[in-house]
Amino acid sequence: MLALEDVVAAYGQSQALHGIDLEVREGEVVCMVGRNGAGKTSTMRCIVHDLIRVTGGSVRFKGEDIAGLEPHQVARKGIGYVPEDRRVFASLTVAENLKVPRSYAANDGYWNVERVTELFPQLGQFHSRLAGNLSGGQQQMLSIARSLLTNPQLLLLDEPHEGLAPIVARDVIAAVERLKSLGVSMLISEQQLHLVHETADRIYIIDRGRMVFSGTMQEFERDPEIARRYLMVVQ
Ligand SMILES: Nc1ncnc2c1ncn2[C@@H]1O[C@H](COP(=O)(O)OP(=O)(O)OP(=O)(O)O)[C@@H](O)[C@H]1O
Ligand SMILES: [Mg+2]
């Protein structure tokens, strides 16, 4: 479904990714795990063409080269993106935020306001609250809900648990599990492997702009050296 091959990318003159290979198949939940600054966000940006410049390799979605598309065109192709900074409209209410995607929705699909509210009941409870007054966890739920309303075929979640209290992170994990059971294909980035341990069909470990491991969780666990080398916090 999504395939990155040998992707090289830069911010201005500064190269951030040095040859990324990554694949997400239909219905799969793939997790990209790496330390702070490893290149997780940059990899996602190469897919949706946000900020970064792809200078080499290819980005294909359903067989089509999407490298030259504008961000809104990528969205129309069926890729939903929930960035790490969430980007809710702070001065609009929850209900108003949920109305925005209707204007650019690619199709009438499974997701509508009722279904996302069922997935995240708190959004129903706080529907008239300004998004800027929501907690971090609620903003994350709103951001995911908004993306779902475009009925994406692939959902990119950049560190969806970041900065959330454990109890709230658990709600987000439960929602992701639910999406998985509905067959939503997802690419999730995360610094802490344990948060995606149960959900991931396959994982990639990224370090300094390169993929250093790809495989199943069982394969990963067979070689503790990988975790030690690439995931432990550098002192
Ligand atoms: N807007 C930017 N301009 C210039 N360099 C950037 C920019 N964003 C990220 N970088 C650099 O690109 C490299 C990869 O960063 P990236 O944000 O992709 O990492 P990350 O894995 O998402 O980290 P984190 O877990 O902290 O979110 C880093 O060296 C970072 O300094
Ligand atoms: Mg990041």
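So my numbering is basically just the index in the sequence shown, starting at one, shifted up by 11. We put the beta carbon where it would ideally sit given N, CA and C, even for glycine. Quick caveat: nothing in here was measured; it's all calculated off a predicted structure.
Open item on the list: When you measure from the CB of K51 to every non-hydrogen atom of ligand 2, does any distance come out below 7 Å?
Closed with: yes
Open item on the list: I'd like the list of long-range same chain contacts for P112, defined as Cβ closer than 6 Å, with 5 residues on each side in sequence excluded.
Closed with: R157, L160, T161
Task: Contact check, S196 vs V44, beta carbons under 8 Å - done: no
Open item on the list: Helix, strand or coil for G143? Go by DSSP, reduced to three states.
Closed with: helix
- [ ] Measure the CB-CB distance between S53 and L33 and report whether it falls below 8 Å.
- [x] no
- [ ] Pull up the distance between the alpha-carbon of V65 and that of R181, whole angstroms please.
- [x] 35 Å
Open item on the list: Below 7 Å, is the gap between the Cβ of D169 and the nearest heavy atom of ligand 2?
Closed with: yes
TODO: Measure the CB-CB distance between L13 and I58 and report whether it falls below 8 Å.
DONE: yes
Open item on the list: Shorter than 7 Å, the distance from the beta carbon of Y215 to the closest heavy atom of ligand 1, or not?
Closed with: no
Task: S154 in three-state terms, based on DSSP - done: helix
Open item on the list: For the structure I just gave you, are there three or more beta carbon pairs, one from the region 70-79 and one from the region 224-236, closer than 8 Å?
Closed with: no
Task: Identified DSSP bridge partners for V59 - done: Paired residues: none, contrary to the question.
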